[in-house]
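Engineer: My numbering puts the first residue of the sequence shown at 357, with every later residue one more than the last.
Structure incoming, see below.
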Amino acid sequence: MSDEELLRPRDHFAPARGWLNDPNGLVLHDGEHHLFFQHNPDSLVHGPISWGHAVSPDLVRWTELPTALAATATEHVWSGSVVHDVANTSGLGADGAGPLVALYTRFEPGTGRQSQCLAHSLDRGRTWERYSGNPVLDIGSSAFRDPKVLRHDDGWLMVVVLAEARTVELYRSPDLIAWEHWSSFGPEGSVEGLWECPDLVRVPVEDGQDGRTAWVLLVSVSDGAPAGGSGMQYVVGELGEGGFASTQPARWVDHGADFYAAISYSDVPGPEPVVQAWMSNWQYADRVPATVFRGSMTLARRLALRPRDGELRLVQHPVVRAGEAAYALTEHALAGTLELPVAARSYRVVAEVDPGTARAFGLHLRVGRDERTTLRVEQDPRTVTLDRRRSGTVEVHPAFAAAHTAPLPDYGRAVRLEVVVDVASVEVFAGGGEVVLTDQVFPSPSSTGLAVFAEDGEAHVRRLTVLV
Ligand code: FRU
Numbered sequence: 357m358s359d360e361e362l363l364r365p366r367d368h369f370a371p372a373r374g375w376l377n378d379p380n381g382l383v384l385h386d387g388e389h390h391l392f393f394q395h396n397p398d399s400l401v402h403g404p405i406s407w408g409h410a411v412s413p414d415l416v417r418w419t420e421l422p423t424a425l426a427a428t429a430t431e432h433v434w435s436g437s438v439v440h441d442v443a444n445t446s447g448l449g450a451d452g453a454g455p456l457v458a459l460y461t462r463f464e465p466g467t468g469r470q471s472q473c474l475a476h477s478l479d480r481g482r483t484w485e486r487y488s489g490n491p492v493l494d495i496g497s498s499a500f501r502d503p504k505v506l507r508h509d510d511g512w513l514m515v516v517v518l519a520e521a522r523t524v525e526l527y528r529s530p531d532l533i534a535w536e537h538w539s540s541f542g543p544e545g546s547v548e549g550l551w552e553c554p555d556l557v558r559v560p561v562e563d564g565q566d567g568r569t570a571w572v573l574l575v576s577v578s579d580g581a582p583a584g585g586s587g588m589q590y591v592v593g594e595l596g597e598g599g600f601a602s603t604q605p606a607r608w609v610d611h612g613a614d615f616y617a618a619i620s621y622s623d624v625p626g627p628e629p630v631v632q633a634w635m636s637n638w639q640y641a642d643r644v645p646a647t648v649f650r651g652s653m654t655l656a657r658r659l660a661l662r663p664r665d666g667e668l669r670l671v672q673h674p675v676v677r678a679g680e681a682a683y684a685l686t687e688h689a690l691a692g693t694l695e696l697p698v699a700a701r702s703y704r705v706v707a708e709v710d711p712g713t714a715r716a717f718g719l720h721l722r723v724g725r726d727e728r729t730t731l732r733v734e735q736d737p738r739t740v741t742l743d744r745r746r747s748g749t750v751e752v753h754p755a756f757a758a759a760h761t762a763p764l765p766d767y768g769r770a771v772r773l774e775v776v777v778d779v780a781s782v783e784v785f786a787g788g789g790e791v792v793l794t795d796q797v798f799p800s801p802s803s804t805g806l807a808v809f810a811e812d813g814e815a816h817v818r819r820l821t822v823l824v
């Protein structure tokens, strides 16, 4: 492995070279998942942004393709979405086939002005033509961006932010070209940072009642998230005649520091929407260790809602490689620390642990001589903490060397955990996906140890499997 490749994840998408931020234009089309992304290929920091492009059959194995929409001197190609215009409502199709249509934000570097533009592709996203009548939506603003388009009734719905006003604006169109303002949502929930990258998804409730769903508005907030800096909130609500309205308070999607700008894949067979995020934080994104590339996406995640305390809570399940079991433990009484015979930089741990009399239990991940990232489940009160203070290179930013904690709802004896470690990141799904923490970590390549522990008492490991 060359030094340049030491930071490259195995199952997470990262570009061959250059800077990456938000995922864009996520769509499943003709058997391919398309991941476009904010890309500055010639630099390790943000700048003149193009849409990079990658495809995957399974959301795990990615192939990067040439740039889809390149920045020009007058147009940086900021975030947006892609839909398959099957019925050719736009009239941009050919030979009876509907085009792929991208709606993105034109950022004018000279003026800072932001407007919504359209491009279409007739060859499975390989080449794109910008619309001659661009921009298709311009209100003369310099904080109006990130259009996400979805099918609605007989036409199309766009959610887009007024970033500084902290609102999500809803527009409607019969043809993806002419957009009419419909309604507005917000400010609501966290308003400390700018609002960015909205999405509106229909999410199934996992209570067994056939077909019950609710609308969920996702919005990224550039500052003030619980782990510091940028993060994402979700709002459960209703989409009615008057637009979107919340039915419960806004909550955070991920309690780690590195989950931002997630949007959903268009045209994924339901009922669960699939989202993917940029795995970083605007607070330090341009300072994390990098070689030839900087930035990666999180794993894709399926979303559901779980009734809890009279509300609906977001539940997330990662889309993972199948993997092979490298180690398994069943019905094990655990006191103290058990080092597992696994040496790896990328793996997944699936466990079900009854805390028993232990005050806390957890995992030490990417353990080296002076390094470890610790996942700890405390009993009283019940919390999950992902601690990267000793994870390796932490001198990125004062806020990086931190432990992130989230409350874990009480749901019986055993705690279900799924933890994905992939070279430079840890994603934790606790309580059957109800409490999620995502953090970048930069351990040395030789820190490959893995251990499970119980403190001040005995925990009962019902099962624990390590998959590589
Ligand atoms: C979110 C964001 C978007 C914008 C893009 C620019 O991370 O700030 O609002 O379109 O990044 O790269």
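Glycine included, each C-beta is placed from N, C-alpha and C at the ideal position.
#1: Once the 5 residues before and after GLU790 are set aside, which same chain residues still bring their CB inside 7 Å of it?
#2: Between SER576 and the ligand FMN, is there a pair consisting of the residue's CB and a ligand heavy atom that are separated by less than 8 Å?
#3: Could you give the first and the last residue of the continuous beta strand (DSSP E) run that contains GLU594?
#4: According to DSSP, is ARG643 helix, strand or coil?
#5: Determine the closest residue to LEU425 out of GLU628, GLY408, GLY598, with distance taken between C-alpha atoms.
#6: State the Cα-Cα distance for the pair PRO397 and ALA689, rounded to the nearest angstrom.
#7: Given 8 Å as the limit, tell me if GLU552 has its C-beta closer than that to any heavy atom belonging to the ligand FRU.
#8: When DSSP labels each residue in this structure, what does ASP555 get in the three-state scheme?
#9: Going by DSSP, what residue range makes up the beta strand (DSSP E) through ARG662?
#10: When burial is assigned at 16 or more other CB atoms within 10 Å of the CB, is THR523 buried or exposed?
#11: Just tell me which of SER399, PRO413, ALA770 has its CA closest to the CA of VAL675.
#12: What I want to know is whether the C-beta of ASN490 ends up closer than 8 Å to one or more non-hydrogen atoms of the ligand FRU.
#13: Roughly how far, in whole angstroms, is the beta-carbon of VAL797 from the beta-carbon of SER781, given that I think they are within contact range, below 8 Å?
#14: Spell out the partners DSSP gives MET514 in its beta bridges.
#15: In terms of alpha-carbon separation, which member of ALA716, THR647, LEU595, VAL784 lies closest to ALA815?
#16: Secondary structure at GLU536, three-state DSSP: helix, strand or coil?
#17: Pop quiz: LEU456 and VAL383 are said to be a contact at Cβ under 8 Å. What is the actual Cβ separation, rounded to whole angstroms?
#18: Mind listing, in chain order, the continuous beta strand (DSSP E) runs of no fewer than 3 residues lying wholly within the stretch 705 to 731?
#19: For the ligand FRU, is there a heavy atom less than 8 Å away from the beta-carbon of ARG501?
#20: What residue from ARG677, GLY712, TYR703 has the CA that sits closest to GLU687's CA?
#21: Between GLN394 and the ligand FRU, is there a pair consisting of the residue's CB and a ligand heavy atom that are separated by less than 8 Å?
#22: From ARG745 to ARG722, what distance separates their C-alpha atoms?
#23: Name the two residues that bound the continuous beta strand (DSSP E) containing HIS673.
#24: Run through DSSP, which three-state label would ASP451 get?
#25: What does LEU823 pair with, by DSSP beta-bridge criteria?
#26: Are the stretch 361 to 380 and the stretch 651 to 658 in contact at 8 Å, needing three or more beta carbon pairs?
#27: Does DSSP classify ASP812 as helix, strand or coil?
#28: Compute the minimum distance between the beta carbon of ASP378 and the heavy atoms of the ligand FRU, and state whether it is under 8 Å.
#29: On a Cα-Cα basis, can you pick out the residue from ALA427, ASP778, HIS385 that is closest to ALA453?
#30: By Cβ distance, which residues of its chain are closer than 6 Å to LEU806, with the 5 residues on each side in sequence left out?
#31: Does ASP778 come out as helix, strand or coil in the three-state DSSP assignment?
#32: CA-CA distance, HIS537 and ARG528?
#33: Tell me the rounded alpha-carbon separation between GLU552 and VAL822.
Structural biologist: In short, the structure shows the following:
#1: For this step, residue 790 is matched to residue 434 along the sequence shown. Excluding sequence neighbours, GLU790 sits near ARG662, ARG669, VAL671, PRO765.
#2: In the structure on display, the ligand FMN does not appear, and the ligands it does have are the ligand FRU.
#3: Start at 1 with the first residue of the sequence shown, and residue 594 comes out as number 238. That run of the beta strand (DSSP E) goes 587 to 596.
#4: Reading the sequence shown from its first residue, position 287 is the one you call residue 643. In this structure, ARG643 counts as helix in the three-state DSSP scheme.
#5: Here residue 425 corresponds to residue number 69 of the sequence shown, with the count starting at 1. It is GLY408 whose Cα lies nearest to the Cα of LEU425.
#6: Your numbering for residue 397 matches position 41 in the sequence shown. Your numbering for residue 689 matches position 333 in the sequence shown. Computed Cα separation, rounded: 51 Å.
#7: Within the sequence shown, residue 552 is the residue found at index 196, counting from 1. Correct: GLU552 has its Cβ closer than 8 Å to the ligand FRU.
#8: The residue labelled residue 555 in the question sits at position 199 within the sequence shown. Note: ASP555 maps to strand in three-state DSSP.
#9: The sequence position of residue 662 within the sequence shown is 306, counting from 1. Counting along the chain, the beta strand (DSSP E) containing ARG662 begins and ends at 657 to 664.
#10: By 1-based counting over the sequence shown, the position of residue 523 is 167. Under this definition THR523 is a buried residue.
#11: Here residue 675 is taken as the residue at index 319 of the sequence shown, counted from 1. The shortest C-alpha separation from VAL675 is found at PRO413.
#12: Position 134 of the sequence shown, counted from the start, is the residue given in the question as residue 490. No, Cβ of ASN490 sits at least 8 Å from all heavy atoms of the ligand FRU.
#13: Taking the sequence shown and counting its residues from 1, the one referred to as residue 797 is at position 441. Taking the sequence shown and counting its residues from 1, the one referred to as residue 781 is at position 425. Between SER781 and VAL797 the Cβ distance is about 7 Å, and since that is below 8 Å, they are a contact.
#14: The residue you call residue 514 lines up with position 158 of the sequence shown. In the DSSP output, where bridge partners are listed per residue, MET514 has VAL505, TYR527.
#15: The residue you call residue 815 lines up with position 459 of the sequence shown. Measuring from the Cα of ALA815, the nearest candidate turns out to be ALA716.
#16: Here residue 536 corresponds to residue number 180 of the sequence shown, with the count starting at 1. Correct three-state label for GLU536: strand.
#17: As a first step, residue 456 must be located in the sequence shown, where it is residue number 100. As a first step, residue 383 must be located in the sequence shown, where it is residue number 27. Right, their Cβ atoms sit about 7 Å apart.
#18: 716 to 723
#19: The sequence position of residue 501 within the sequence shown is 145, counting from 1. Indeed, a heavy atom of the ligand FRU lies less than 8 Å from the Cβ.
#20: For the purposes of this step, residue 687 is taken as the residue at position 331 of the sequence shown. With distances taken between Cα atoms, GLU687 lies closest to GLY712.
#21: The residue given as residue 394 occupies position 38 in the sequence shown. GLN394 Cβ: within cutoff of the ligand FRU.
#22: The count along the sequence shown starts at 1 and reaches residue 745 at position 389. The count along the sequence shown starts at 1 and reaches residue 722 at position 366. Looking at the two C-alpha atoms, the distance is approximately 13 Å.
#23: The residue you call residue 673 lines up with position 317 of the sequence shown. Counting along the chain, the beta strand (DSSP E) containing HIS673 begins and ends at 667 to 674.
#24: Taking the sequence shown and counting its residues from 1, one reaches residue 451 at position 95. The answer is coil: DSSP assigns ASP451 none of H, G, I, E or B.
#25: In the sequence shown, counting from the first residue as 1, residue 823 sits at position 467. ALA681, ARG704.
#26: Put simply, the stretch 361 to 380 touches the stretch 651 to 658. At least three CB pairs are less than 8 Å apart.
#27: The residue given as residue 812 occupies position 456 in the sequence shown. Strand.
#28: Position 22 of the sequence shown, counted from the first residue, corresponds to residue 378. Within the cutoff, so yes.
#29: Counted from its first residue, the sequence shown places residue 453 at position 97. Closest option to ALA453, Cα to Cα, is HIS385.
#30: As a first step, residue 806 must be located in the sequence shown, where it is residue number 450. Same-chain partners within the cutoff: LEU696, VAL698.
#31: Counting from one through the sequence shown, the residue named residue 778 turns up at place 422. Correct three-state label for ASP778: strand.
#32: Within the sequence shown, residue 537 is the residue found at index 181, counting from 1. Within the sequence shown, residue 528 is the residue found at index 172, counting from 1. Using only the alpha carbons, I get a separation of about 6 Å.
#33: Along the sequence shown, one-based indexing puts residue 552 at 196. Along the sequence shown, one-based indexing puts residue 822 at 466. Cα to Cα, GLU552 sits roughly 37 Å from VAL822.
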